[in-house]
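Novice:
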Amino acid sequence: LGGIVADPFGSSLCLILVGVFFARPLYRMNLLTIGDYYKKRFGRAAEMLVTICIVISYLGWVAAQIKALGLVFNVVSGGYITMQAGMIIGAASVLVYTLMGGMWAVAITDFLQMIIVVVGMLYIGWEVSGMVGGPGVVIQHAADAGKFNFWPSPSLREVMWFFAAWITMMLGSIPQQDVFQRVMSSKTEKIARNASILGGVIYFGFVFIPIFLAYSATLIDPAMVARLLETDSQLVLPTLIMEKMPVFAQVMFFGALLSAIKSCASATLLAPSVTFTENIIKEIRPWKSDKEFLFSMRAVVLLFTIAVTVLALNSQSSIYQMVENAYKVTLVAAFVPLAFGVYWKRATRQGALAAMILGLTTWITLEYVAPEGLWPPQLAGLLMSVGGMVFGSLLPQLVAPIPQAPAAGALSAE
């Protein structure tokens, strides 16, 4: 379990933290993008810097979804469709309905796709459970093999790297547009809060079904698992389904898998495109009409899709690694200004800029100088970001404050 601390442990806690601490105050500010918050609280420079960081973070995240689509098409076709061709097909299919329908299309397709995911995974879980003699057999085998060990060994390095992996998605996912747009799309702030918390709880429980399925493969076909662990461990579960399951079960599984990937990809494709259009392009060239704004946003969606597809085609990282790495940049640059801006009245523009710059430079430096050292680069970047915010806000202000801060009611916690 310790090997998947980032997801689901970090990602599910992210949604819960958003619901408990951020949904209400952000909802009351009535903003369009997460970048608007930084502009309103800390000024234009902070908005630009955070928006660029958010867009960069989505490159890896969406590329991971495109890579997953390529993997699915490759397995389902029996290798007839190559991974590369599958990525292009998957990217094009997600692009079409995201481009045409926007957030409404994402919401509707998410709803339908989640129904398919839940039904499909529950059915496959029932099928696999029957093959191995019941869930108890799998659980006992995993316990005997030490797979339930969660906490790291009691050494300073192991503890710090474990903690860094946990907070990368737990905190780095909070200042993200796809999370923010779901909060702001809610009918009321109460729904925004409760839906985020409930989503985190449900996700944490449900995600153990595919984990159960993947581990069951070690009991059903240990030779296949051993072979794939040496080549590409991402193929273990899809190969199990293709080789051991009846056709109906294959349809249910890959239907659920494609639904889950497309649901995630569409939202994370729209999010950075909206942010870049609203917080970068609009500030440089204001729109003359809503039609012009829509055209620009669709153009950005198209260009971003091309960029992430190229990245997916050339990346050698696993899907899990790409997802985890995507949130490091927002962890070190965006989380501290957001959290301190909401809950610390003395947070200033100077403090926010210092937090972003120190967090980014520390993280980037350590990624190149000592990527496997004692200090995880993203953890060091986060700590420097906190220091930059505190000292930058308390020291004499060399950067002029913004003319007006957001209303106190919007930035106070309930």
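For reference, each letter of the sequence shown is one residue, going 1162 to 1575 in this note's numbering. All residues carry an ideal CB built from backbone N, CA and C; glycine is no exception. Please read all numbers here as calculations on a predicted model, not as lab measurements.
1) Would you kindly work out how many angstroms separate the C-alpha atoms of V1320 and Y1529, rounded to a whole number?
2) For F1203 versus R1507, is the C-beta distance shorter than 8 Å?
3) Helix, strand or coil for K1506, going by three-state DSSP, please let me know.
4) Do M1330 and G1171 have their CB atoms nearer than 8 Å?
5) Locate the alpha helix (DSSP H) running through Y1364, then write down its first and last residues.
6) Across the region 1358-1371 and the region 1449-1465, are there enough close Cβ pairs to call them in contact, namely three or more that are closer than 8 Å?
7) Among the candidates L1431, M1345, A1375 and A1426, whose CA atom is the shortest distance from the CA of Y1198?
8) For the alpha helix (DSSP H) that K1449 lies in, which residues bound it at each end?
9) Within 10 angstroms of the Cβ of I1581, are there 16 or more other Cβ atoms? Answer buried if so, exposed if not.
10) If distances are taken between C-alpha atoms only, which option among V1503, P1399 and F1552 comes closest to N1235?
11) I'd like the span of the alpha helix (DSSP H) that includes T1392, first residue to last.
12) What's the gap between the Cα of Y1284 and the Cα of A1410?
13) Should W1524 be labelled buried (16 or more other beta-carbon atoms within 10 Å of its own) or exposed?
14) Using DSSP with H/G/I as helix, E/B as strand and the rest coil, what is S1457?
15) If you follow the alpha helix (DSSP H) that M1345 is part of, which residue opens it and which one closes it?
16) Using 8 Å as the cut-off, can you tell me whether the region 1454-1462 makes contact with the region 1207-1227, which would need three or more C-beta pairs spanning the two stretches below that distance?
17) Going residue by residue through the region 1253-1310, where are the continuous alpha helix (DSSP H) segments of at least 4 residues, counting only ones entirely within it?
18) Name the residue from V1469, Y1188 and F1414 whose alpha carbon lies nearest to the alpha carbon of Y1374.
19) Is it buried or exposed, K1348, if we count other Cβ atoms within 10 angstroms and call 16 or more buried?
20) Comparing alpha-carbon positions, which option in A1531, G1534 and G1520 lies nearest L1545?
21) Give me, in chain order, the residues of the same chain whose beta-carbon lies closer than 7 Å to that of S1334; leave out the 5 immediate sequence neighbours on both sides.
22) Mind checking V1412: buried by the 16 CB within 10 Å criterion, or exposed?
23) Report the CB separation of M1190 from K1201 in whole angstroms; it is logged as a contact under 8 Å.
24) Secondary structure at Q1477, three-state DSSP: helix, strand or coil?
25) In whole angstroms, what is the alpha-carbon distance linking E1575 and L1389?
26) How close, in whole Å, do the beta carbons of T1429 and Y1219 come, if the pair is a contact with beta carbons under 8 Å?
27) Under 7 Å Cβ to Cβ from V1166, same chain only, skipping five residues before and after it: list those, please.
28) Hey, how far is the Cα of L1555 from the Cα of W1505?
29) If G1549 sits next to G1512, beta carbons under 8 Å apart, how far is it from one beta carbon to the other, in whole angstroms?
30) Could you spell out where the alpha helix (DSSP H) holding I1328 opens and where it closes?
31) Just the C-alpha distance for Q1338 and Q1558, rounded to the nearest angstrom, thanks.
32) Got a sec? Which residues, its chain only, sit under 8 Å from M1292 by beta carbon, not counting five neighbours each side?
33) Between the C-alpha atoms of S1238 and G1416, what's the straight-line distance to the nearest angstrom?
34) Please report the straight-line C-alpha distance between P1169 and F1365, rounded to a whole angstrom.
35) From G1221, F1183 and A1253, pick the residue whose C-alpha is nearest to that of S1476; which is it?
Specialist: Quick look at the numbers:
1) In the sequence shown, the residue the question calls residue 1320 occupies position 159. In the sequence shown, the residue the question calls residue 1529 occupies position 368. For V1320 and Y1529, the distance between alpha carbons rounds to 22 Å.
2) What you label residue 1203 is simply residue 42 of the sequence shown in a count that begins at 1. What you label residue 1507 is simply residue 346 of the sequence shown in a count that begins at 1. No.
3) The count along the sequence shown starts at 1 and reaches residue 1506 at position 345. It is coil, neither helix nor strand.
4) Mapped onto the sequence shown, residue 1330 falls at position 169. Mapped onto the sequence shown, residue 1171 falls at position 10. Cβ distance < 8 Å, so M1330 and G1171 count as in contact.
5) Position 203 of the sequence shown, counted from the first residue, corresponds to residue 1364. Unbroken alpha helix (DSSP H) run through Y1364: E1350 to F1367.
6) no
7) Locating residue 1198 in the sequence shown gives position 37, counting from the first residue. Nearest option by C-alpha distance: M1345.
8) One-based indexing of the sequence shown puts residue 1449 at position 288. Premise fails: K1449 is in no alpha helix (DSSP H) and is neither H nor E.
9) Absent from the model: residue 1581. The displayed extent of the chain is 1162 to 1575, so no value can be given.
10) As a working mapping, residue 1235 is identified with position 74 in the sequence shown. For N1235, the nearest C-alpha among the options comes from P1399.
11) Taking the sequence shown and counting its residues from 1, the one referred to as residue 1392 is at position 231. Unbroken alpha helix (DSSP H) run through T1392: P1383 to T1392.
12) Taking the first residue of the sequence shown as 1, we reach residue 1284 at position 123. Taking the first residue of the sequence shown as 1, we reach residue 1410 at position 249. Distance between the alpha carbons of Y1284 and A1410 is about 8 Å.
13) As a first step, residue 1524 must be located in the sequence shown, where it is residue number 363. It is buried - the Cβ of W1524 has at least 16 other Cβ atoms within 10 Å.
14) Position 296 of the sequence shown, counted from the first residue, corresponds to residue 1457. Residue state, collapsed to three classes: helix.
15) Indexing the sequence shown from 1 puts residue 1345 at position 184. Its alpha helix (DSSP H) spans residues Q1338 to M1345.
16) no
17) 1296-1305
18) What you label residue 1374 is simply residue 213 of the sequence shown in a count that begins at 1. The question names Tyr, but residue 1374 in the sequence shown is Leu. With distances taken between Cα atoms, L1374 lies closest to F1414.
19) Translated into the one-based positions of the sequence shown, residue 1348 becomes position 187. So K1348 counts as exposed.
20) In the sequence shown, residue 1545 corresponds to position 384, counting from 1. Sequence inspection shows Met at residue 1545; the Leu mentioned does not correspond to that position. The residue with the shortest Cα to Cα distance from M1545 is G1520.
21) The residue given as residue 1334 occupies position 173 in the sequence shown. Closer than 7 Å at the Cβ level, and outside the excluded window around S1334, lie S1172, C1175, V1340 and Y1488.
22) As a working note, residue 1412 is residue 251 in the sequence shown. Its Cβ having fewer than 16 others within 10 Å, V1412 is exposed.
23) Position 29 of the sequence shown holds residue 1190. Position 40 of the sequence shown holds residue 1201. With a Cβ gap of about 7 Å, M1190 and K1201 count as contacting.
24) Here the question's residue 1477 lines up with position 316 in the sequence shown. In this structure, Q1477 counts as coil in the three-state DSSP scheme.
25) Working through the sequence shown from its first residue, we reach residue 1575 at position 414. Working through the sequence shown from its first residue, we reach residue 1389 at position 228. Per-residue confidence for E1575 stands at a pLDDT of 39, beneath the threshold of 50, marking its modelled position as unreliable; no derived number is given.
26) Here residue 1429 corresponds to residue number 268 of the sequence shown, with the count starting at 1. Here residue 1219 corresponds to residue number 58 of the sequence shown, with the count starting at 1. T1429 to Y1219, Cβ: 6 Å. Contact.
27) Here residue 1166 corresponds to residue number 5 of the sequence shown, with the count starting at 1. Cβ within range, chain order: F1323, A1326 and W1327.
28) Within the sequence shown, the letter at position 394 stands for residue 1555. Within the sequence shown, the letter at position 344 stands for residue 1505. Between L1555 and W1505, the C-alpha separation is close to 12 Å.
29) In the sequence shown, counting from the first residue as 1, residue 1549 sits at position 388. In the sequence shown, counting from the first residue as 1, residue 1512 sits at position 351. Confirmed, Cβ separation roughly 7 Å.
30) On the sequence shown, residue 1328 is found 167 positions in, with the first residue counted as 1. Residues L1317 to G1333.
31) What you label residue 1338 is simply residue 177 of the sequence shown in a count that begins at 1. What you label residue 1558 is simply residue 397 of the sequence shown in a count that begins at 1. The straight-line gap from Cα to Cα measures roughly 30 Å.
32) Position 131 of the sequence shown, counted from the start, is the residue given in the question as residue 1292. Excluding sequence neighbours, M1292 sits near S1377, I1381 and K1405.
33) As a first step, residue 1238 must be located in the sequence shown, where it is residue number 77. As a first step, residue 1416 must be located in the sequence shown, where it is residue number 255. The straight-line gap from Cα to Cα measures roughly 14 Å.
34) In the sequence shown, counting from the first residue as 1, residue 1169 sits at position 8. In the sequence shown, counting from the first residue as 1, residue 1365 sits at position 204. Approximately 6 Å, taken between the alpha carbons.
35) The residue you call residue 1476 lines up with position 315 of the sequence shown. The residue with the shortest Cα to Cα distance from S1476 is G1221.
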